[in-house]
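Participant: Below you will find the structure I want to go over with you.
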Amino acid sequence: MLNKNNMKTKFLMTAIVSSLLFFSACDSTMELNNEDQGAQKSLKVSLNEGVGDLTKAVNLISGSDEFRLLGNISLANQQNVSGAQYAPEFRNDSVRILLADISGVYEYSWKRVKRAPMSILRYFERTADNDHLIVRLPVQKVRDYFYLFVHRPNDTTLTNNFEADVHDYMLFRSHEKGLEYRLGANLKFDSTNIGAITIRSTRNKVNGFDYLSVYHLGNGYTVSNVENSGDTAVSVYSINKDDKILYEENISSYRVNKENRRRERVYSLTIGDVKIVREMGPNSLDSAKVYVAGVLQLNSKVEVVINETEGSEPGVTNKKRDVKITFDDGTSTTIRELTGNTIENIAEIFKAVRQAGFATQIIDRIAGNIYWNKN
Numbered sequence: 002m003l004n005k006n007n008m009k010t011k012f013l014m015t016a017i018v019s020s021l022l023f024f025s026a027c028d029s030t031m032e033l034n035n036e037d038q039g040a041q042k043s044l045k046v047s048l049n050e051g052v053g054d055l056t057k058a059v060n061l062i063s064g065s066d067e068f069r070l071l072g073n074i075s076l077a078n079q080q081n082v083s084g085a086q087y088a089p090e091f092r093n094d095s096v097r098i099l100l101a102d103i104s105g106v107y108e109y110s111w112k113r114v115k116r117a118p119m120s121i122l123r124y125f126e127r128t129a130d131n132d133h134l135i136v137r138l139p140v141q142k143v144r145d146y147f148y149l150f151v152h153r154p155n156d157t158t159l160t161n162n163f164e165a166d167v168h169d170y171m172l173f174r175s176h177e178k179g180l181e182y183r184l185g186a187n188l189k190f191d192s193t194n195i196g197a198i199t200i201r202s203t204r205n206k207v208n209g210f211d212y213l214s215v216y217h218l219g220n221g222y223t224v225s226n227v228e229n230s231g232d233t234a235v236s237v238y239s240i241n242k243d244d245k246i247l248y249e250e251n252i253s254s255y256r257v258n259k260e261n262r263r264r265e266r267v268y269s270l271t272i273g274d275v276k277i278v279r280e281m282g283p284n285s286l287d288s289a290k291v292y293v294a295g296v297l298q299l300n301s302k303v304e305v306v307i308n309e310t311e312g313s314e315p316g317v318t319n320k321k322r323d324v325k326i327t328f329d330d331g332t333s334t335t336i337r338e339l340t341g342n343t344i345e346n347i348a349e350i351f352k353a354v355r356q357a358g359f360a361t362q363i364i365d366r367i368a369g370n371i372y373w374n375k376n
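Numbering (this note's numbering), first residue to last: 2 to 376.
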């Protein structure tokens with residue numbers, strides 16, 4: 002009798018445990034489904050958050066004094082560019098300028114304007130030796146390029162409160178070998194670090210061109226642009242806050258014939274935690290996919306919309322394409338609709354970065370004059 006009771010007890014306990022496991026499994030399945038649904042909802046949430054962070058960043062960058070000093074320059078107001086960053090057209094037009102050739106501390110000095118030889122250097126006085134090229138001048142002269150090398154009566158009241166510490170510089174031009182250019186400089190205003198600029202550029206007949214410009218701003222934002230040609234060409238526009246990507250558009254393509262016609266291999270657009278990717282399939286471009294924090298969103302649809310078929314500088318950044326996203330709830334939007342004027346402002350930021358007005362209008366002209374006066 003005791004054994005029968007034990008058997009009943011064991012059977013009852015087994016049934017209870019099995020029931021608990023069954024309901025627990027059901028609860029787990031429901032939780033997983035809820036997590037899946039939450040992940041689908043998070044695409045819209047993540048995209049809105051990413052656009053919000055990007056809009057804030059673009060407004061801060063475009064309105065900051067640091068960026069205006071570095072690159073926000075109107076082409077209409079530029080003086081005649083010396084052509085330092087252009088490959089020469091004539092065989093005898095070649096030059097190689099290294100940092101060691103132009104090193105020293107140069108300070109703006111209005112007192113020398115009337116008595117110094119007629120050259121750009123009459124506005125600057127060499128005050129000390131240094132392994133770097135250090136240029137100090139009034140911030141007003143940096144902001145107003147047109148009057149950088151023009152003396153005005155009120156210049157006597159200006160102080161040299163802006164400093165460019167050039168720690169890397171090379172300019173090589175040759176008719177046969179093309180162009181190689183490097184610039185690395187840290188910037189100060191009123192003795193406070195306001196950012197840094199890095200530029201790398203090569204151009205020749207064999208390999209085409211490679212270009213990199215990076216602006217590190219004092220407020221923690223970084224704006225960078227990469228462009229290169231060749232058999233595989235890459236174009237990247239990115240805006241970061243510290244180590245976080247706020248915006249990045251990446252287009253790679255490959256050459257399909259001798260006429261330099263190209264076919265897109267990979268296209269990606271990242272806004273915060275949302276990344277849209279379209280890659281080359283066996284026969285054509287695959288449908289675009291969208292990820293949130295690296296997780297593929299299976300119930301959302303992405304379509305790349307071509308606004309202009311003209312091949313140069315394609316992409317959202319240059320307003321020649323758009324991206325339409327259909328969320329799992331059936332609603333849809335485009336990046337242009339979601340960002341409003343932010344894309345236009347982004348385009349202007351990268352235009353300023355590519356022009357590199359600070360480098361061509363100040364550093365290159367001063368460096369060139371130092372070199373030619375020595376040689």
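Virtual Cβ for every residue (Gly too), placed ideally from N, Cα, C.
Owing to the predicted nature of the structure, the values given are computational and were not obtained by experimental measurement.
Once DSSP output is grouped into helix, strand and coil, what is the label at F68?
Facilitator: helix
Participant: Rounded to whole angstroms, what is the Cα-Cα separation between F190 and N308?
Facilitator: 42 Å
Participant: Starting from the Cα of K112, find the closest Cα among R153, D130 and V143 and give me that residue.
Facilitator: R153
Participant: Tell me which residues share the same chain as S236 and place their Cβ nearer than 6 Å to its Cβ, disregarding the 5 neighbours each side in the sequence.
Facilitator: E228 and I252
Participant: Give me, in chain order, the residues of the same chain whose beta-carbon lies closer than 6 Å to that of F210; leave out the 5 immediate sequence neighbours on both sides.
Facilitator: Cβ within range, chain order: R204 and S230.
Participant: Is it right to say E338 is buried, meaning 16 or more other beta carbons lie within 10 angstroms of its own, or is it exposed?
Facilitator: exposed
Participant: Could you tell me the boundaries of the beta strand (DSSP E) in which N226 lies?
Facilitator: Y222 to N229
Participant: Give every residue of the same chain whose Cβ lies closer than 6 Å to the Cβ of V278, excluding the five residues on either side of it in the sequence, and list them in chain order.
Facilitator: S269 and K290
Participant: If you compare alpha carbons, which of S192, I195 and Q362 is closest to Y146?
Facilitator: When each option's Cα is compared against that of Y146, the closest is Q362.
Participant: Measuring CA to CA, which of P139, R69, T223 and I98 is closest to Y170?
Facilitator: I98
Participant: What number of angstroms, rounded off, separates the C-alpha of E177 from the C-alpha of V96?
Facilitator: 12 Å
Participant: For the beta strand (DSSP E) containing D323, list its first residue and its last residue.
Facilitator: First-last of the beta strand (DSSP E) with D323: R322 to T327.
Participant: 8 Å is my cut-off, CB to CB: does V293 come that close to chain D?
Facilitator: The structure shown has no chain D; it contains just one protein chain.
Participant: Identify the residues that DSSP records as bridge partners of S236: which are they?
Facilitator: E228 and I252
Participant: On a Cα-Cα basis, can you pick out the residue from K245, Y216 and G221 that is closest to G51?
Facilitator: K245
Participant: Within the continuous beta strand (DSSP E) that includes N187, where are the two ends?
Facilitator: G179 to F190
Participant: Would you mind reading off the limits of the alpha helix (DSSP H) that contains E338?
Facilitator: E338 -> alpha helix (DSSP H) spans I336 to T340.
Participant: Which stretch, first to last residue, makes up the beta strand (DSSP E) that contains I135?
Facilitator: L134 to L138
Participant: Along the chain, where does the beta strand (DSSP E) containing E126 start, and where does it finish?
Facilitator: F125 to A129
Participant: Are Y238 and I62 touching if we call contact CB-CB under 8 Å?
Facilitator: no
Participant: DSSP on S175, reduced to helix/strand/coil?
Facilitator: strand
Participant: Please confirm whether S333 and T340 have their CB atoms less than 8 Å apart.
Facilitator: no
Participant: Quick one, which of A294, Y292, N155 and R201 has its alpha-carbon nearest Q141's?
Facilitator: N155
Participant: Exposed or buried, which one is S192 when buried takes at least 16 other CB atoms within 10 Å?
Facilitator: exposed
Participant: Among D102, Q298, S43 and V106, which one has its Cα closest to the Cα of W373?
Facilitator: Looking from the CA of W373, the closest CA among D102, Q298, S43 and V106 belongs to D102.
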